[in-house]
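There are 2 protein chains.
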Amino acid sequence: MTGYDAWCGVAHGCTRKLGMKICGRSILMHPFYTRDFCHDTNYTYLLPAKNGEEPTLQFLLEVVDILTNYIRKTFDRSTKVLDFHHPHQLLEGMEGFNLELSDQPESLEQILVDCRDTLKYGVRTGHPRFFNQLSTGLDIVGLAGEWLTSTANTNMFTYEIAPVFVLMEQLTLRKMREIVGWRDTEGDGIFSPGGAISNMYSVMVARYKYFPEVKTKGMSAAPRLVLFTSEHSHYSIKKASAALGFGTDNVILLNTDEKGRVIPADLEAKVIATKQKGYVPLYVNATAGTTVYGAFDPINEIADICEKYNIWLHVDGAWGGSLLMSRKHRHKLSGVERANSVTWNPHKMMGVPLQCSAILVRERGLLQGCNSMCAGYLFQPDKQYDVTYDTGDKAIQCGRHVDIFKFWLMWKAKGTTGFEQHIDKCLDLSAYLYNKIKNREGYKMVYDAEPQHTNVCFWYFPPSLRSLPEGEDKRERLHKVAPKIKAMMMESGSTMVGYQPQGDKVNFFRMVISNHAATRSDIDFLIDEIERLGHDL
Amino acid sequence: MTGYDAWCGVAHGCTRKLGMKICGRSILMHPFYTRDFCHDTNYTYLLPAKNGEEPTLQFLLEVVDILTNYIRKTFDRSTKVLDFHHPHQLLEGMEGFNLELSDQPESLEQILVDCRDTLKYGVRTGHPRFFNQLSTGLDIVGLAGEWLTSTANTNMFTYEIAPVFVLMEQLTLRKMREIVGWRDTEGDGIFSPGGAISNMYSVMVARYKYFPEVKTKGMSAAPRLVLFTSEHSHYSIKKASAALGFGTDNVILLNTDEKGRVIPADLEAKVIATKQKGYVPLYVNATAGTTVYGAFDPINEIADICEKYNIWLHVDGAWGGSLLMSRKHRHKLSGVERANSVTWNPHKMMGVPLQCSAILVRERGLLQGCNSMCAGYLFQPDKQYDVTYDTGDKAIQCGRHVDIFKFWLMWKAKGTTGFEQHIDKCLDLSAYLYNKIKNREGYKMVYDAEPQHTNVCFWYFPPSLRSLPEGEDKRERLHKVAPKIKAMMMESGSTMVGYQPQGDKVNFFRMVISNHAATRSDIDFLIDEIERLGHDL
Chain V
1 MTGYDAWCGV
11 AHGCTRKLGM
21 KICGRSILMH
31 PFYTRDFCHD
41 TNYTYLLPAK
51 NGEEPTLQFL
61 LEVVDILTNY
71 IRKTFDRSTK
81 VLDFHHPHQL
91 LEGMEGFNLE
101 LSDQPESLEQ
111 ILVDCRDTLK
121 YGVRTGHPRF
131 FNQLSTGLDI
141 VGLAGEWLTS
151 TANTNMFTYE
161 IAPVFVLMEQ
171 LTLRKMREIV
181 GWRDTEGDGI
191 FSPGGAISNM
201 YSVMVARYKY
211 FPEVKTKGMS
221 AAPRLVLFTS
231 EHSHYSIKKA
241 SAALGFGTDN
251 VILLNTDEKG
261 RVIPADLEAK
271 VIATKQKGYV
281 PLYVNATAGT
291 TVYGAFDPIN
301 EIADICEKYN
311 IWLHVDGAWG
321 GSLLMSRKHR
331 HKLSGVERAN
341 SVTWNPHKMM
351 GVPLQCSAIL
361 VRERGLLQGC
371 NSMCAGYLFQ
381 PDKQYDVTYD
391 TGDKAIQCGR
401 HVDIFKFWLM
411 WKAKGTTGFE
421 QHIDKCLDLS
431 AYLYNKIKNR
441 EGYKMVYDAE
451 PQHTNVCFWY
461 FPPSLRSLPE
471 GEDKRERLHK
481 VAPKIKAMMM
491 ESGSTMVGYQ
501 PQGDKVNFFR
511 MVISNHAATR
521 SDIDFLIDEI
531 ERLGHDL
Chain A
1 MTGYDAWCGV
11 AHGCTRKLGM
21 KICGRSILMH
31 PFYTRDFCHD
41 TNYTYLLPAK
51 NGEEPTLQFL
61 LEVVDILTNY
71 IRKTFDRSTK
81 VLDFHHPHQL
91 LEGMEGFNLE
101 LSDQPESLEQ
111 ILVDCRDTLK
121 YGVRTGHPRF
131 FNQLSTGLDI
141 VGLAGEWLTS
151 TANTNMFTYE
161 IAPVFVLMEQ
171 LTLRKMREIV
181 GWRDTEGDGI
191 FSPGGAISNM
201 YSVMVARYKY
211 FPEVKTKGMS
221 AAPRLVLFTS
231 EHSHYSIKKA
241 SAALGFGTDN
251 VILLNTDEKG
261 RVIPADLEAK
271 VIATKQKGYV
281 PLYVNATAGT
291 TVYGAFDPIN
301 EIADICEKYN
311 IWLHVDGAWG
321 GSLLMSRKHR
331 HKLSGVERAN
341 SVTWNPHKMM
351 GVPLQCSAIL
361 VRERGLLQGC
371 NSMCAGYLFQ
381 PDKQYDVTYD
391 TGDKAIQCGR
401 HVDIFKFWLM
411 WKAKGTTGFE
421 QHIDKCLDLS
431 AYLYNKIKNR
441 EGYKMVYDAE
451 PQHTNVCFWY
461 FPPSLRSLPE
471 GEDKRERLHK
481 VAPKIKAMMM
491 ESGSTMVGYQ
501 PQGDKVNFFR
511 MVISNHAATR
521 SDIDFLIDEI
531 ERLGHDL
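From first to last, the protein sequence lines stand for chains V and A. The end of the first sequence is residue 537 by the UniProt record's numbering, with every number in the run present. The end of the second sequence is residue 537 by the UniProt record's numbering, with every number in the run present.
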């Protein structure tokens with residue numbers, strides 16, 4: 001109930017009047033008539049400082065004001081997606097925005113300027129015309145969840161200091177396993193810092209299942225182990241093989257059909273060849289939604305082979321796993337319930353803020369067995385509560401960020417049906433794009449079929465290329481088109497979309513849609529923009 | 001400039017009046033006279049919904065109101081540290097707080113209740129009397145930084161979508177390397193999801209330096225590799241050895257003196273014994289600030305041995321690395337500049353919100369060489385900017401959370417000197433505690449010397465135990481004291497402090513101080529509370 005006016009002046013003789021009396025009960029009841037901090041006011045005025053409540057409240061409200069303005073503009077199509085600058089420009093300093101750190105404190109006034117500038121020179125990943133990544137959009141409830149998470153500032157390793165979050169994680173993982181279709185309730189899982197780590201977990205758990213002695217004796221205790229994954233799969237399988245001591249040479253890439261899906265016969269042939277060499281086929285990764293094409297490997301046929309040869313089946317659904325929430329699209333993952341483990345990133349197709357990735361394991365106990373080290377200072381057996389809720393020892397991390405709350409809160413707010421609508425809408429939009437350009441002049445689809453996910457892959461041919469004869473010269477010129485258009489998009493700040501080569505295919509655009517703010521008009525805008533920028537190339 | 005009143009009623013016939021006209025420009029200019037959402041209002045009213053600006057603003061301000069009330073109470077010593085409930089109680093549902101997820105959306109009103117309840121049943125890790133973990137406290141500027149980070153919702157893998165954050169990370173890592181004392185500017189580093197992963201990176205990089213062929217050929221391409229670390233070191237070294245394919249048997253634990261510091265002669269003897277067996281000593285971890293005792297291994301003497309035998313030297317300064325910021329205490333890490341890699345977690349002793357951990361590497365290029373897979377869809381070589389700023393390929397992650405901004409913003413706000421003051425203050429407090437109890441009746445220090453870090457390890461003997469003869473019975477009874485007192489602390493919610501056994505030592509309290517809100521009165525309170533709760537045991 002303490003009043004606060006001109007706290008700045010009271011503190012060190014500054015005479016600027018900075019605020020009105022407030023009672024400190026609820027921020028919603030109080031008008032603030034100024035947004036200036038005195039230039040002498042710094043962090044030492046904030047809590048836990050004596051009389052720090054009001055400056056703290058004022059400071060946080062200033063920050064929230066900056067953030068809500070940013071949010072408003074993010075959804076405003078008249079705002080640019082980004083204000084591009086080269087690294088050397090930002091490093092040299094932009095209009096008083098200096099990235100260098102110093103020995104002395106800056107004023108809170110300057111800190112607020114730094115916050116504004118950080119956002120100003122960043123990229124609006126929630127903008128309806130940001131299509132650059134698999135993770136796009138800005139979900140307001142998820143954002144609120146993340147603000148709360150950082151305010152709670154705790155750690156997932158024990159129930160002791162994260163009771164609510166630990167239970168939320170447990171319940172949510174169980175729900176996800178049910179959606180995968182695992183009947184028994186004895187599965188397991190954990191939220192990890194991203195899909196690459198989730199995939200790494202799957203390889204670790206597979207190895208532990210078949211060769212548990214590797215945990216103590218190392219890879220020399222096992223025969224030569226081989227992993228199989230599609231040539232279109234995510235590079236994290238290779239990263240895991242390098243990190244975990246398999247070696248990238250022991251990752252066998254599987255051939256795909258023209259739509260980017262694994263050819264099961266190729267898997268079986270390679271498994272047989274591996275066995276004939278005396279090596280052990282350990283693990284197959286089937287991708288549900290590849291990164292570039294959005295292809296879904298035929299899980300059932302792959303599962304048949306895995307069962308026949310006793311191989312661990314992982315489904316990397318980092319991108320496509322969310323389609324399990326859609327009654328219309330979940331058939332694309334048919335057979336997923338036969339997998340031994342599944343990666344599923346709610347931070348991609350479900351619009352949950354970064355980071356939120358789950359590794360789900362069908363057999364309970366493997367994660368724990370694989371990773372536990374029983375640290376006495378954290379996992380005391382003589383606590384007063386049921387210590388099976390201390391889940392930290394099954395992680396490869398010790399401290400673990402709370403990734404669950406924002407997701408849990410969004411699920412509460414949207415319901416399963418809300419996620420389903422989100423996913424169906426994004427897939428409808430990609431069908432709209434596909435139908436719009438598949439026969440349009442100057443466009444060529446990278447493969448000739450309706451996309452399975454929201455990925456639409458295509459070349460744009462500027463008029464100057466269209467009449468050229470097929471051949472290396474045309475290919476070379478086409479290869480440069482997407483990077484040039486992308487660079488111009490970024491310079492103008494109008495939109496962003498990804499491109500890449502794939503195999504022997506020269507650079508093409510990969511359009512993906514995961515943002516619930518995107519509409520058909522944004523798709524139209526993207527096409528107009530490609531044509532505007534690319535017309536004279 | 002759109003007005004907004006009774007948007008709820010306009011939308012679906014509800015007649016409750018919900019808000020005043022606002023102009024939508026700045027939240028600080030507008031009084032809100034109600035904090036009720038209509039029970040029919042749900043997430044579909046929020047952005048990107050048509051006319052979603054005002055409901056979004058209203059919702060976020062309600063959330064911020066909940067959060068600022070929580071923050072205020074966190075610093076209020078009359079508030080409990082926690083309101084303990086057993087897992088089954090929370091799972092059964094507390095007064096309308098239901099953790100289960102459903103198919104249908106909840107109202108925003110209920111979402112706000114869920115937010116309040118989540119905080120209510122959690123643990124206030126920022127409370128001045130929360131001493132349970134190495135990471136405590138709630139830094140207001142760091143919190144603001146994290147709110148901004150989640151609003152920006154981007155990903156560290158490319159400069160393209162995180163230009164400002166990528167540069168901030170680069171500059172901050174360089175500054176940290178300078179503080180370590182590496183003279184050349186050619187070092188490297190990355191922020192990782194916690195100290196365990198940072199330590200894992202150090203082992204990976206050491207392996208790559210000496211046996212780069214492991215990346216492609218697996219561990220079978222290398223001889224038997226051995227890692228050395230203190231018996232008091234963090235369990236993450238063992239976790240890494242299990243995960244990376246070394247095997248925990250190939251981690252040799254080093255003997256320590258009574259203060260928990262590695263005995264260098266023991267290291268040398270074990271290195272020689274390892275070589276005599278034909279194995280290869282690859283890596284030594286010297287801990288700067290052990291988890292339980294807070295001990296600092298003698299880095300210079302260990303470095304001499306590492307140089308003599310050509311072994312990688314890592315310094316795990318997850319807990320103690322921050323002392324490098326203090327002119328008074330940095331001598332405890334003397335020799336750290338001779339290390340090949342250093343783990344340093346600003347989220348511990350420097351009060352940065354979770355997660356914020358850096359792995360620093362003296363030699364540039366190793367992280368990249370070790371982990372790069374050159375994914376074409378992310379790291380296109382034909383971008384218009386200098387792609388050496390696309391740092392994602394040196395991570396084991398693909399997507400990577402922005403952990404840098406809150407740290408950078410805190411550094412701006414506090415300056416190097418502000419961190420120094422924070423650290424010195426916490427160490428002063430631990431000295432105060434040590435001096436208070438070292439000769440106090442009923443207390444016994446676990447080792448007999450002033451602590452090197454803020455860890456103070458001690459037994460409390462209830463009066464009933466004091467006159468017992470030394471022996472197994474007394475040990476068994478003493479072993480139960482700390483868990484019992486801790487359980488009562490949690491039930492009463494008054495404070496939290498850790499305990500554990502270590503080696504042949506029965507359960508003792510480990511007091512640690514990293515919270516800038518703690519004062520001598522809080523130390524006094526802790527001791528009073530131990531005596532109050534433990535007196536009649």
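For glycine and all other residues, C-beta sits at the position ideal for the given N, C-alpha and C.
(request) Ignoring anything shorter than 3 residues or poking outside the stretch 401-487 of chain V, list the beta strand (DSSP E) runs there in chain order. (result) 443-445, 456-460
- Item | Member of A/Tyr235, A/Leu143, A/Lys275, A/Pro298 whose CA lies at the smallest distance from the CA of A/Ile404 | Your numbering for residue 404 of chain A matches position 404 in the second sequence. Taking only the C-alpha atoms, the option nearest A/Ile404 is A/Leu143.
- Which residues, in order along the stretch 164-193 of chain V, keep a beta-carbon less than 7 Å from a beta-carbon of chain A? Val164, Leu167, Met168, Leu171, Thr172, Lys175, Pro193
Using a beta-carbon distance below 9 Å, is A/Ala400 in contact with chain V?
Locating residue 400 of chain A in the second sequence gives position 400, counting from the first residue. Note that residue 400 of chain A is Arg in the sequence shown, not Ala. For A/Arg400, the answer is yes, since a Cβ of chain V falls inside 9 Å of its Cβ.
Worksheet entry | Rounded separation between V/Ser464 and V/Arg477 - CA only | The residue you call residue 464 of chain V lines up with position 464 of the first sequence. The residue you call residue 477 of chain V lines up with position 477 of the first sequence. If you take the alpha carbons of V/Ser464 and V/Arg477, they lie about 10 Å apart.
Between which two residues does the alpha helix (DSSP H) containing A/His88 stretch? Reading the second sequence from its first residue, position 88 is the one you call residue 88 of chain A. Segment 87-92, the alpha helix (DSSP H) holding A/His88.
Quiz item: Within 9 Å (strictly less), CB to CB, does A/Val336 reach chain V?
Solution: As a working note, residue 336 of chain A is residue 336 in the second sequence. Chain V contact via Cβ: absent.
>> If you measure between the beta carbons of A/Ala286 and A/Asp304, is that distance less than 9 Å?
In response: Against the second sequence, residue 286 of chain A aligns to sequence position 286. Against the second sequence, residue 304 of chain A aligns to sequence position 304. Against a cut-off of 9 Å, the Cβ pair of A/Asp304 and A/Ala286 comes out as no contact.
* Asked: When you check each C-beta in the stretch 38-54 of chain A against every C-beta of chain V, which residues fall closer than 9 Å?
  -> Asn42, Tyr43, Thr44, Leu46, Leu47, Pro48, Gly52, Glu53
Check each residue of the stretch 498-532 of chain A: if its Cβ is closer than 8 Å to any Cβ of chain V, include it; give the result in chain order. Gly498, Tyr499, Gln500, Pro501, Gln502, Asn507, Arg510, His516, Ala517
Checking 9 Å against the spacing of the C-beta atoms, do V/Gly126 and V/Ala517 come in under that value? Against the first sequence, residue 126 of chain V aligns to sequence position 126. Against the first sequence, residue 517 of chain V aligns to sequence position 517. Contact: yes.
For V/Asp393, which of helix, strand or coil comes out of DSSP? Taking the first residue of the first sequence as 1, we reach residue 393 of chain V at position 393. DSSP places V/Asp393 in helix when its eight states are reduced to three.
- Evaluate residue 578 of chain A with the Cβ neighbour count: other Cβ atoms within 10 Å of its Cβ, from every protein chain shown; 16 or more gives buried, anything less gives exposed. Shown here, chain A extends from 1 to 537; a query on residue 578 of chain A therefore has no answer.
Where A/Ile190 falls: helix, strand or coil (DSSP):
Working through the second sequence from its first residue, we reach residue 190 of chain A at position 190. Here A/Ile190 sits in strand by DSSP.
*asked:* Would V/Met204 and V/Asn371 qualify as a contact pair, given that the criterion is a beta-carbon distance under 9 Å?
replied: On the first sequence, residue 204 of chain V is found 204 positions in, with the first residue counted as 1. On the first sequence, residue 371 of chain V is found 371 positions in, with the first residue counted as 1. Yes, the Cβ-Cβ distance between V/Met204 and V/Asn371 is below 9 Å.
Using a Cβ-Cβ cut-off of 6 Å (strictly less than) and excluding sequence neighbours within five positions of A/Ser78, which residues of its own chain qualify? Along the second sequence, read from residue 1 onward, the residue named residue 78 of chain A stands at position 78. Around A/Ser78: no qualifying Cβ.
- According to the neighbour-count rule (16 or more other Cβ atoms, all chains shown, within 10 Å of its Cβ), is A/Thr388 buried or exposed? As a first step, residue 388 of chain A must be located in the second sequence, where it is residue number 388. By the 10 Å Cβ count, A/Thr388 comes out exposed.
| query | Would you say V/Cys115 faces chain A, with C-beta separation under 9 Å as the test? | reply | Here residue 115 of chain V is taken as the residue at index 115 of the first sequence, counted from 1. Cβ-Cβ to chain A under 9 Å: yes for V/Cys115.
- How about V/Ala221: is its C-beta nearer than 9 Å to some C-beta of chain A? Position 221 of the first sequence, counted from the first residue, corresponds to residue 221 of chain V. It does: the Cβ of V/Ala221 has a partner Cβ on chain A nearer than 9 Å.
inquiry  = Only counting the same chain, and skipping five residues up and downstream in sequence, which positions put a Cβ closer than 7 Å to that of V/Met229?
reply    = As a first step, residue 229 of chain V is located in the first sequence; it is residue number 229 there, counting from the start. It is Thr, not Met, that sits at residue 229 of chain V in the sequence shown. The residues are Ile237, Val251, Leu253, Leu254, Asn285.
Please classify A/Gly471 as buried or exposed, where buried requires at least 16 neighbouring CB atoms within 10 angstroms. Mapped onto the second sequence, residue 471 of chain A falls at position 471. With fewer than 16 other Cβ atoms within 10 Å, it is exposed.
Item to check | C-alpha distance - A/Glu439 paired with V/Arg400, whole-angstrom precision | outcome: Along the second sequence, one-based indexing puts residue 439 of chain A at 439. Along the first sequence, one-based indexing puts residue 400 of chain V at 400. The sequence given here places Asn at residue 439 of chain A; Glu does not occur at that position. Cα to Cα, the separation comes out at about 38 Å.
8 Å contact criterion, which A/Asn345 and A/Leu313 should meet: CB distance rounded: In the second sequence, counting from the first residue as 1, residue 345 of chain A sits at position 345. In the second sequence, counting from the first residue as 1, residue 313 of chain A sits at position 313. Their Cβ separation, rounded to whole angstroms, is 19 Å, which puts A/Asn345 and A/Leu313 out of contact at 8 Å.
Query raised in the report: Given that A/Phe428 touches chain V, what residues does it touch there, using C-beta distances under 8 Å?
Result: Counting from 1 along the second sequence, the entry for residue 428 of chain A is found at position 428. Checking the displayed sequence, the identity of residue 428 of chain A turns out to be Asp instead of Phe. Ordered by position in chain V, no residue passes the 8 Å Cβ test against A/Asp428, which lies about 16 Å from the chain.
Quiz prompt | Cβ pair A/Tyr432, A/Glu450 closer than 9 Å | solution = For the purposes of this step, residue 432 of chain A is taken as the residue at position 432 of the second sequence. For the purposes of this step, residue 450 of chain A is taken as the residue at position 450 of the second sequence. Taking 9 Å as the Cβ cut-off, A/Tyr432 and A/Glu450 do not qualify as a contacting pair.
Note to self: Using beta carbons (cut-off 9 Å, strictly below), is V/Tyr389 in contact with chain A?
What the structure shows: Sequence index remark: in the first sequence, residue 389 of chain V carries index 389 (1-based). Yes, V/Tyr389 lies at the interface with chain A (some Cβ there is under 9 Å from its Cβ).
Would you mind giving the Cβ-Cβ distance between A/Phe508 and A/Trp459, rounded to the nearest angstrom? I have them listed as a contact below 8 Å. For the purposes of this step, residue 508 of chain A is taken as residue 508 along the second sequence, with counting starting at 1. For the purposes of this step, residue 459 of chain A is taken as residue 459 along the second sequence, with counting starting at 1. Confirmed, about 5 Å.
### Query
Out of curiosity, what's the CA-to-CA distance linking V/Lys474 and V/Leu537?
Counting from one through the first sequence, the residue named residue 474 of chain V turns up at place 474. Counting from one through the first sequence, the residue named residue 537 of chain V turns up at place 537. Taking the straight line from one Cα to the other gives about 13 Å.
Contact between the stretch 478-488 of chain V and the stretch 498-507 of chain V: three or more CB pairs below 8 Å? yes
>> Tell me the DSSP secondary structure of V/Ser150 in three-state form.
In response: As a first step, residue 150 of chain V is located in the first sequence; it is residue number 150 there, counting from the start. In the structure shown, V/Ser150 sits in a helix (DSSP, three-state: H, G or I).
Evaluate contact between the stretch 487-504 of chain V and the stretch 96-114 of chain V, counting only Cβ atoms and requiring at least three cross-stretch pairs below 8 Å.
no
Taking the C-alpha atoms as reference points, what is the distance between A/Tyr385 and A/Pro163?
In the second sequence, residue 385 of chain A corresponds to position 385, counting from 1. In the second sequence, residue 163 of chain A corresponds to position 163, counting from 1. Their backbone Cα atoms lie some 11 Å apart in a straight line.
- Using the beta-carbon count (16 or more within 10 Å), is V/Met1 buried or exposed? Indexing the first sequence from 1 puts residue 1 of chain V at position 1. Annotation note: pLDDT 28 at V/Met1 (below 50); position unreliable, no value reported.
By DSSP, does A/Tyr279 sit in helix, in strand, or in coil? Looking up residue 279 of chain A in the second sequence gives position 279. A/Tyr279 falls in the coil class under three-state DSSP.
### Query
Where does the unbroken beta strand (DSSP E) through A/Leu501 begin, and where does it stop?
Reading the second sequence from its first residue, position 501 is the one you call residue 501 of chain A. According to the sequence shown, residue 501 of chain A is Pro rather than Leu. Run containing A/Pro501: 496-502, per the beta strand (DSSP E) assignment.
Does V/Ser26 come within less than 9 Å of chain A when only Cβ atoms are used? One-based indexing of the first sequence puts residue 26 of chain V at position 26. Because V/Ser26 sits at a pLDDT of 45, beneath the cut-off of 50, its placement in the model cannot be relied upon, and the following sentence gives the value as read from the coordinates. With 9 Å as the cut-off, V/Ser26 counts as an interface residue toward chain A.
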